[in-house]
Structure formats: C-alpha cells, structure tokens
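Participant: Chains A and B, in that order, are what the protein sequence lines are.
Residue 1 is where the first sequence starts when you use the numbering used here, and the numbers rise one by one after that.
Residue 1001 is where the second sequence starts when you use the numbering used here, and the numbers rise one by one after that.
Next up is a structure, given as structure tokens.
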Amino acid sequence: MGRLLLHRLGGLLTTLFLSSILIFGSLYLAPGSPENVLFGNRMPSPAVRAAVRHRLHLDQPLPVRYWDWLTGVVHGDLGTSMVTGQPVADRIGAGLGNTLLLVLMTMVLVVVLGMGMGLAAALLPGRVDGAVSALTSVSVTVPPFVASALLISVFAVKAGWFPASGIGDGLGGKLDGLVLPAVAMAVISCGFLARVTRNAVREQLEREHVQTALVRGLPRTTVLRSHVLRNAMPPIITAIGLLTAGTFASTLVVESAFAVPGIGQLTIQSVAQKDFPVVQAVALMLVAAFVLCNAASDLIQALVDPRLREAGSSS
Amino acid sequence: MKAGHLMKAFFTRTYGQLGRSGTVAAVFLAVVLLVALAAPLVAPADPNQANLLDAYAGPSGSHLLGADGIGRDILSRLIYGSRTSLLGPALVVGVALLIGIPLALAASWYGGLVDGVVARIFDLVYALPGLLLAVLTVALFGPGLTPAVVALSIAYIPFLARIVRAAARQQRVSPYVDALAVQGFGAVRITVRHILRNIMPVVVGQAAIAFGYALLDLASLSYLGLAVQAPTPDWGVMVSDSDALLKGYWLPVIAPGVLIVLTVLALTVLGARISGEKPPGYLRRARRQRTAPAAVGAAESNDKTPVGAAR
C-alpha cells in the first residue's frame, strides 16, 4: 500500500511538473507581448516600456523566469494579477471555497441520484430499467450550459425560488445560490454514473458465485451487499473519479452562466482580459484538481479491493 | 416504380440494421444536415436582419419561432446556425481520425515499445480535460473557431485512438492476420485493407459519438464567447442570450438548446447502433455481445476477472 502511494505521488508530481512547463511556456509564446495588456491602446515610449518589462521580469530569459515563478509557487506566491494588481493567490483564495463547495454539492447529487437510478435499473428489470435507460440516454446529452438556461428560466425567472445569478452571504446564502449550478452540472454526470452502475451491477448479478450464493439460501440483501456491490465497485469508483474531474472543467461554464464568483469564472474572465499570471495559476490548479481526482479514485479502489493492492505494490 | 422499389429495399435494410431508434436518429440527422446545406433556400429570412419593431415577438406567421431581442428571426438563425454548429465538430472528428487511426494501427500492429510510447502520450493528453485545453488555447491565440477546433482535435485524438487500438488489437491476434502475414503481405496492406475494414463499424460508430461530444464542447465554448463570435448565428451563441432569459423570453434560448440536445442524442443513439454496443462508449471496459436481458441468470462462460481491466 505504501509503495502504491509513493508510486502514485511520483506520477502526480511528474504530471504537474510537465504541465507547469507546458502552461508557462505556451502562454509566453503567445502572439503579442504580455506588457501590451497593461498599456492597452496607449503607445508608451521605449524607456517606459523597458522599465515595465524590467518590473515584470520580462527582460530575463524564459528558463530564469520559469524558475522564479516555480520557486514562488512552491512558497505560495503565485505572482501578481496584471489587470487588478492584486496577488493572484488572493484572487484565487476568494473563489476557491465557492468552487469546492459547488463541486462537492454536485458530486453528492451525482453519487446519490446516479447510483440510486443505476441500482434501481439493475435490480428491477423491465419497466423501471427501461424508464431509467430512456432517462439516462437523454440526460447524458444535456450539456451544463443548456441545463443552466433551462433551470434559470424555470426556477429563477418563472418560479423565483432561487437567484438567477450570484450567490448570497453566509453558508445559507451560498448554498441557496449554488443549488441551480450544482443541478445543472449534475444532469449529465448522473446519467453517466447511472449507466456505469447499472452495467457493473448487472455484470455481477450474472456471475456464478452470485447465483451460487442465492441458491445456497443467503439473504438477498447480504448477497447484494457483500457479493454484488463489492465486486461492482471498481468501475463505479473510476467513473466517480472521472466525473469529479470533469465537474471541475464544467465549473468554467456553469460559474459563468450563474455569475458564481469562483475559480471557473475567474479563468474565463482572465482569459478574456489576457491576464496571464492568473490564467497560469488557475490552469495549473485545475490540472492539479484533475490529476488528484484520478489518483484518489485509484487509491480508493486499492483500499476497497485487496487484489489491486497487491498488484500495485508488485509493479 | 423501380425507384420506389429500390427505396423500399434500402429502407428495409437500414431499418434491419439500425432498429427503430437508430432509423429515427438517422432520419433526424439527415434532415438537419440537408437543412444546413440548403440554408439559404430553407431559411424564411436573413438571419442577421434586425428589426426593432419585432423585438421579442412571439411565434407568428412571419416569425414561426418568434424573434430575439433585436428582432432577428429565430428560425432562420437556427437554420444558419446549424452550419457553424456542425462544421466545427466535423473538423474536430476529421482531424482526430486522420491522426488517431494511423497511430492506433501502428501501436496495435507493432506492440511493445511503440505501443507503450503511444499509450503513454494518449494517457497524458487524456488526463487534460478538452474544455480546459481549448480555453488555454483561446487564451493564447484569441477567441475564434480555429483555435477552439485545433485544441479540441488534439483532445479528441486519444478518445478515438484508444478505441481503435483496442479493436485492432483484437483483430491482430486472429488467425486470418497470421495467414495473410504468412502469404507475404506487408504490414500496411494488412492493417489498412483487412484490419481497418473489419473494425470499420466501431470506428464509424465511435466517430459519431465523438462528433456529438465535440458538438457539445464547441457549443459550450461558443456559449462562453470563446469560439464562434456573437453576430454569427450559432446554437451555442444563441443559448448565451441571458438578457432574453432574464426577461422571461425563453424561446430564443431554449429552442437552440433543445436542438443541441436532440442532435447529440441522435448522434449517440446512431453511433451506439452502428458500433453494435450499448453506450456509453468510453466508460465501458470491454466490448461484449450482450444478448437479450432475459439472459440474466443464464450462466455465461466468462472467467475473466473484472478488476484488472478496470482503468
């Protein structure tokens, strides 16, 4: 187990390191010099331009700048926003809580509803299965932005139950404002998880050891819990990991749709304003979240499944 | 009369292969495609013709689906919008196939080191969400359809190539490939003329599903204002009209949204029918012929452990 953990940690750091080089390098290969963002339409004199370039350390070679940036990041200094002049860490810190809360709410919805529907479909063949299948086929094609538009139209404008944009103060206000965004992201993920759950559980139900256990007279709930569900868990956990990672990507869209002050909205704004230090930091954080989700799902699988634990430590 | 006969035979054959849902999906997509191609002939009005007197007009004879905030005809905008909305994903899937298939075939044919390296690269790209990659590319090159399409093409290569590689791998170990190799045919001839032809249904089916997802991603980007730009009619751009939404005019926003969902639904249903499996394509671990649901309880000869394959 310890070796598996080390192995995953190494892979995680390598991926983060490679993507940090990629992100840092590519943003400075972009056409147009970064300091032009500051000048806007003004035409500064060469001396002013040189001074600004020096202040932003743009007169140094790329590897040096990368090294400075990386050591800064390790010490918690993510640079300064070129548009507002605030430290990037502050801007991210202001939105991080909202985004994490939003992702958490979405995933709770996805796990409860998705697995519930999938289990119902697997255990009740016939009409329930057919209804769930039809529902999931449609729901996996409803993208978060279309779901947002529908939800705003029905629950914010017509019914007025939830705010159409922005979130309130305090935990209650936040939860109230994040319900619709969470539902908008959960629609597509619920469908995926329900399908994966249904297929995984069906596959286990057909296996001989389950049939044997039932024939021997073990209670149905026991068979379901310790024979079927335990074996069906690995693909379900993989799917939850993938979907959590995908939810982080979806926050880009949904936070913009509902004007939620979070990481996703910050990314889109910074991209539009060409605020490179913020884009860099946020992109790296999203990649980190993505990689962490996948690593976490692998580790949880190893915890759930002793066979994987052995395979992991031998490799 | 003869033509009618042929049409009927063609229809019966398609119906037999695609089933009811597949045929409905195929017909729907054919209609969408025809309308997109013949947009100037079909559209009742100029999609960019603003008329402030008609602002937020409801459905009527002159505007079948009503008009938006500056009086542009929604039906015409939907019809013209289908052009940009379908062109982008078509390019994405085309490029992804063009690069992905040769890589996947090479990986499956040579195995060993080549396979390992290609798989590693695919895993790395697969680890990045396509949407994030596209947003970063837009940050680099500015908003527009081209950077978005380039970024998504890269993101979709592993999606398709992994499936092609797995399918080609199965063919690689079958006896007919050995027989061809013994007869002295070269690697290119065997892979392209025999293996690729045999796995064609999987390739086409998964390409249709990928087309659907690419459409969603591109529409999301256009919605954010990062791909197709505002005055151009596009389904994603139309959904981003939050003004209309907040004023309670839902039709200008929901109509393109519903069209997106229906198109993607048709693509996934058709793709699943063509590749002969139940969706979803990429979350399933192994392709297995599943007979009727009545087979529950009937012992299948299946002795592989489910754990190793989970990834």
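Using N, Cα and C, we set each Cβ at its ideal position, and we do this for glycine too.
A quick note: this is a predicted structure, and the numbers were derived from the prediction, not measured.
I want to see whether chain B comes within less than 7 Å of residue 143 of chain A, judged by CB atoms only; does it?
Facilitator: It does; some Cβ of chain B falls within 7 Å.
Participant: Considering only C-alpha positions, which residue in the set B/1092, B/1118 and B/1271 is nearest to residue 1204 of chain B?
Facilitator: Ranking the options by Cα distance to residue 1204 of chain B, first place goes to B/1271.
Participant: Determine whether the Cβ of residue 108 of chain A lies closer than 7 Å to any Cβ atom of chain B.
Facilitator: For residue 108 of chain A, the answer is no, since every Cβ of chain B falls outside 7 Å of its Cβ.
Participant: According to DSSP, simplified to helix, strand and coil, what is residue 1073 of chain B?
Facilitator: The answer is strand: DSSP assigns residue 1073 of chain B an E or B state.
Participant: For residue 80 of chain A, name the three-state secondary structure that DSSP assigns.
Facilitator: Correct three-state label for residue 80 of chain A: strand.
Participant: Is it true that the CB of residue 1167 of chain B sits closer than 7 Å to the CB of residue 1089 of chain B?
Facilitator: Not in contact: residue 1089 of chain B and residue 1167 of chain B (Cβ atoms no closer than 7 Å).
Participant: Do residue 1216 of chain B and residue 143 of chain A come within 7 Å of each other at the CB atom, strictly closer than that value?
Facilitator: Yes, these two residues count as a Cβ contact at 7 Å.
Participant: What do you reckon, is the C-beta of residue 1137 of chain B under 6 Å from a heavy atom of the ligand MG?
Facilitator: With respect to the ligand MG, the structure shown offers nothing to examine, as it has no ligands at all.
Participant: What does residue 267 of chain A touch in chain B if you count any residue whose Cβ is under 8 Å from its own?
Facilitator: By Cβ distance, chain B contributes 1135.
Participant: Tell me which residues share the same chain as residue 227 of chain A and place their Cβ nearer than 6 Å to its Cβ, disregarding the 5 neighbours each side in the sequence.
Facilitator: So the list reads 210 and 213, once near-sequence residues are dropped.
Participant: Let me check one thing: in DSSP terms, what residues is residue 87 of chain A bridge-paired to?
Facilitator: A/80, per the DSSP bridge assignment.
Participant: Please work out which residues of its chain come closer than 6 Å, Cβ to Cβ, to residue 1284 of chain B, disregarding the five sequence neighbours upstream and downstream, and give them in chain order.
Facilitator: Interpretation of residue 1284 of chain B is limited by its pLDDT of 37, a score under 50 that renders its predicted location unreliable; no figure is taken from the coordinates.
Participant: Show which residues of chain B have a CB atom less than 8 Å away from the CB atom of residue 246 of chain A.
Facilitator: Within chain B, the residues near residue 246 of chain A are 1129.
Participant: Would you report the Cα separation of residue 65 of chain A and residue 58 of chain A, rounded to the nearest angstrom?
Facilitator: Rounded to whole angstroms, residue 65 of chain A to residue 58 of chain A spans 8 Å at the Cα level.
Participant: Below 8 Å between beta carbons is the criterion; list the residues of the region 1214 to 1227 of chain B that meet it against any residue of chain A, in chain order.
Facilitator: Of all residues in the region 1214 to 1227 of chain B, 1216, 1219, 1220, 1223, 1224, 1225 and 1226 have a Cβ within less than 8 Å of some Cβ in chain A.
Participant: Three or more C-beta pairs under 8 Å: does that hold for the region 164 to 178 of chain A against the region 97 to 109 of chain A?
Facilitator: Yes: at least three Cβ pairs fall under 8 Å.
Participant: Starting from residue 1254 of chain B, find everything on chain A with Cβ-Cβ shorter than 7 Å and list it in chain order.
Facilitator: Residues of chain A passing the Cβ test: 149, 150 and 153.
Participant: What is the DSSP secondary structure of residue 1045 of chain B, reduced to helix, strand or coil?
Facilitator: Residue state, collapsed to three classes: coil.
Participant: In three-state DSSP terms, what is residue 1067 of chain B?
Facilitator: The answer is strand: DSSP assigns residue 1067 of chain B an E or B state.
Participant: Near residue 1243 of chain B, which residues of its chain fall below 7 Å by C-beta distance, leaving aside the five closest residues on each side in sequence?
Facilitator: Taken in chain order, the residues that qualify are 1069.
Participant: In chain B, which residues lie with their C-beta within 8 Å of the C-beta of residue 58 of chain A?
Facilitator: Residues of chain B passing the Cβ test: none, with the nearest at roughly 17 Å.
Participant: Can you tell me which of the three DSSP states residue 1229 of chain B falls into?
Facilitator: Residue 1229 of chain B falls in the coil class under three-state DSSP.
Participant: Between residue 1262 of chain B and the rest of its own chain, which residues show a CB-CB distance below 6 Å, the 5 nearest in sequence each way excluded?
Facilitator: Nothing meets the Cβ criterion.
Participant: Let me know if residue 291 of chain A comes out buried or exposed under the rule of 16 or more other beta-carbons within 10 Å of its beta-carbon.
Facilitator: The residue in question, residue 291 of chain A, is buried, as its Cβ has 16 or more Cβ neighbours within 10 Å.
Participant: Identify whether residue 53 of chain A lies in helix, strand or coil by the three-state DSSP scheme.
Facilitator: Reduced to three states, the DSSP call for residue 53 of chain A is helix.
Participant: So what's residue 1279 of chain B in DSSP terms, helix, strand or just coil?
Facilitator: Low per-residue confidence applies at residue 1279 of chain B: pLDDT is 40, beneath 50, and the placement is therefore not dependable, though the value from the model is reported in the following sentence. Three-state result, residue 1279 of chain B: coil.
Participant: Taking residue 247 of chain A as the reference, which of A/230, A/185, A/305 and A/257 has the closest Cα?
Facilitator: Residue A/185 is the option with its Cα nearest to residue 247 of chain A.
Participant: Using three-state DSSP, classify residue 7 of chain A as helix, strand or coil.
Facilitator: Looking at residue 7 of chain A - three-state DSSP - the assignment turns out to be helix.
Participant: For residue 1095 of chain B, which option in B/1146, B/1201 and B/1187 has the closest C-alpha, if you only look at C-alpha atoms?
Facilitator: With distances taken between Cα atoms, residue 1095 of chain B lies closest to B/1146.
Participant: Determine the extent of the alpha helix (DSSP H) in which residue 133 of chain A is found, giving its start and end residues.
Facilitator: 127 to 139 is the span of the alpha helix (DSSP H), which, as asked, contains residue 133 of chain A.
Participant: Relative to the alpha-carbon of residue 1122 of chain B, which residue among B/1161, B/1132 and B/1142 has its alpha-carbon at the smallest distance?
Facilitator: The shortest C-alpha separation from residue 1122 of chain B is found at B/1161.
Participant: So, are the CB atoms of residue 1228 of chain B and residue 1239 of chain B less than 7 Å apart?
Facilitator: Not closer than 7 Å, so no.
Participant: Can you tell me whether DSSP reads residue 1169 of chain B as helix, strand or coil?
Facilitator: In the structure shown, residue 1169 of chain B sits in a helix (DSSP, three-state: H, G or I).
Participant: Using a Cβ-Cβ cut-off of less than 7 Å, give me the residues of the region 1057 to 1081 of chain B that come near chain A, in sequence order.
Facilitator: Per Cβ criterion, the list is empty.
Participant: Tell whether a beta-carbon distance below 7 Å holds between residue 1104 of chain B and residue 1165 of chain B.
Facilitator: A contact, by the Cβ cut-off of 7 Å.
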